[in-house]
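Numbering (numbering that gives the first Met the number 0), first residue to last: 0 to 387.
Even glycine gets a Cβ: it sits at the ideal position worked out from N, Cα and C.
A quick note: this is a predicted structure, and the numbers were derived from the prediction, not measured.
Remarks on the structure that follows.
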Amino acid sequence: MKITGIDTFAVDGGARPWHFVAIRTDARITGYGEFGESGVTHGLQGLVQDMSSWLIGKDPTPVERLYFDLYRAYRGTPYGVTAWAIAGIELALWDLKGKALGLPVHSVVGGPFREKQRVYWSHLGTYRARDPELWGAKPLRTWDDVADCAREAVDKGYTAFKTNILFPGDPSWAITQGRDGKTHDQLAESDIINQAVKQISVMRDAVGPEIDICLDINYNFKTEGAIRVARALEPYKLYWLEIDNQDPEALLQLKTSTRTSITSGEQLVTMRQYQPFFDLRAMDTVKVDVQWQGFGNAKKVADLAETFELNIAPHNYNSHLSTFQSLNLCASVSNVRIMESDPDAIPWKDELVTVVPEPKNSYIDIPQGPGWGTDLNEEVAKKHAWNK
């Protein structure tokens, strides 16, 4: 079996583009991978095409060797967009290998560790606060609307959800990473902390003490501000406070300053970037993104985390293909705490793949089909191409 072509797709995911790679072979087997992040669509897709010359005519099954060939070719700039592009190719190669063997990817690497995976509803209220019409959802005008949103997640079977700091009103909004022209990535003013406390108290009252609530503050706030947020929310017993931070010692300062559990790491790729955080035990739960660093790297990071007595939580907020990729990771390692999912979606999300995940009581079954267990519907991908 030889690689004959590599194609990319950028699909309108509503709030952001979703990126896909298709690797084609002379055996008429196509492997798919979902990868990367928004904001660099043209460059990211072009980079994959630039890398494709390294792969045409080669056997796609020695995935680790092909990954390392690409890593060596671009090791001068090994992270960021480069890592995302290599991840897209590597993910499609794993899908190909699983399909060629007639096995799920998790079985190829020794799984499954589990038959189903607990998931949480992510960005609860966040998308609706920014653009409710896009999701066909009720606007968040009042705190009652926020409470209703929390109850909706529970009514749909979820036992855990994650949110961002919300501001109900007309218009409503949510704190983002400096994209709203404000300075929340620098300062946690008292009004922001009070807003977070009000929101979590409303949500806790709405769903009761048994539902797990997470708050994600992304890259917002310096360490002293994150500490004040974490301490202010201690009475509400968050499942975790999630924050992105490039400084392991700053993250450790936060972790040791509060009783609130701290989750971090989605922004990191490869064991080299995670190692300094693990050495300091700088987080309680490790976020790992399959789409940003590839399946092989994500599994290695999870295995490394296991040696430090740390559990992982896959970062997963794109299309259903990324969910299947992340589920295969969950089935391949022992130390998974919970996995992210994104139920609020544009109408064609289910049409984009051949098999759709079916959450039930906050769990999704581990895929059993070959490769990732689902395929990209290329016609739907073309119909809803990202043109923004």
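Backbone CA spacing between residue i and residue j [nearest angstrom]
i: R71; j: N376; result: 32 Å
i: S51; j: G97; result: 21 Å
i: D433; j: L65; result: With the chain covering 0 to 387 only, the question about residue 433 has no answer from this structure.
i: V62; j: P138; result: 46 Å
i: T222; j: K1; result: 50 Å
i: F307; j: S263; result: 15 Å
i: G368; j: T24; result: 20 Å
i: T29; j: G12; result: 23 Å
i: Q116; j: I199; result: 26 Å
i: G101; j: W172; result: 46 Å
i: G32; j: R336; result: 24 Å
i: W385; j: K286; result: 28 Å
i: A225; j: G56; result: 51 Å
i: W347; j: K382; result: 10 Å
i: D144; j: A136; result: 11 Å
i: A301; j: Q252; result: 23 Å
i: V268; j: T76; result: 13 Å
i: Q324; j: V289; result: 7 Å
i: P170; j: L133; result: 14 Å
i: A297; j: H314; result: 11 Å
i: R280; j: A82; result: 25 Å
i: L320; j: N217; result: 24 Å
i: S189; j: L237; result: 20 Å
i: E350; j: V379; result: 7 Å
i: G42; j: D204; result: 45 Å
i: T60; j: G370; result: 12 Å
Any non-hydrogen atom of the ligand HEM closer than 6 Å to residue i Cβ
i: A384; result: For the structure depicted, the ligand HEM is absent and the ligand set is empty, with no information on it obtainable.
Outcome for residue i when other beta-carbon atoms lying within 10 angstroms are tallied against a minimum of 16
i: E241; result: buried
i: G374; result: It is worth fixing the name first, because residue 374 is Asp in this sequence and not Gly. Label assigned to D374: buried.
i: V355; result: exposed
i: G87; result: buried
i: T257; result: buried
i: E339; result: buried
i: A26; result: exposed
i: S110; result: The residue you asked about is not Ser; residue 110 is Gly in the sequence shown. Classification of G110: buried, given that the 10 Å Cβ count is 16 or more.
i: R127; result: buried
i: D154; result: exposed
i: I164; result: buried
i: N244; result: buried
i: D278; result: exposed
i: D343; result: buried
i: L123; result: buried
i: Q292; result: buried
i: G168; result: exposed
i: T353; result: exposed
i: H18; result: buried
i: K161; result: buried
i: P208; result: exposed
i: S333; result: exposed
i: D49; result: exposed
Selection from the options that minimises the alpha carbon distance to residue i
i: V20; options: G38, R27, L46; result: L46
i: D68; options: K236, Q274, E89, T262; result: E89
i: F166; options: Y157, N193, D154, A159; result: N193
i: T259; options: N244, T284, N219; result: T284
i: R271; options: D58, I261, W142, P247; result: P247
i: C213; options: D49, A159, E357; result: A159
i: D215; options: W120, A380, A205, K298; result: W120
i: F157; options: I210, A146, P131; result: Sequence inspection shows Tyr at residue 157; the Phe mentioned does not correspond to that position. For Y157, the nearest C-alpha among the options comes from I210.
i: L328; options: Y73, L253, V107; result: V107
i: I22; options: P131, N334, E265, I5; result: I5
i: L303; options: N315, Q274, G293, F294; result: Q274
i: Y362; options: R74, A146, V118; result: V118
i: I345; options: D130, N219, I365; result: D130
i: V206; options: L326, R150, L54; result: R150
i: A91; options: V80, F34, G38; result: F34
Extent of the continuous beta strand (DSSP E) to which residue i belongs
i: Q116; result: 115-120
i: V206; result: Counting along the chain, V206 falls outside any beta strand (DSSP E), though it belongs to the alpha helix (DSSP H) covering 189-206.
i: E33; result: 29-34
i: D6; result: 2-11
i: R23; result: 16-24
i: Y362; result: 362-364
i: T162; result: 159-162
Bounding residues of the alpha helix (DSSP H) (the contiguous stretch that carries residue i)
i: L214; result: Counting along the chain, L214 falls outside any alpha helix (DSSP H), though it belongs to the beta strand (DSSP E) covering 211-215.
i: V379; result: 377-382
i: V153; result: 142-154
i: W134; result: 131-134
i: D49; result: 40-50
Residue ranges of each beta strand (DSSP E) within the segment 300-346, 3 or longer
Here the runs fully enclosed are 310-313, 338-340.
At which residue ranges does the segment 230-293 contain complete alpha helix (DSSP H) runs of 4 or more residues, listed in the order of the chain?
Taken in chain order, the whole alpha helix (DSSP H) runs of length 4 or more contained in the segment 230-293 are 247-254, 269-278, 289-292.
Along the chain, which unbroken stretches of the alpha helix (DSSP H) at least 4 residues long are found entirely within the segment 57-124?
Runs found: 62-72, 79-100, 104-107.
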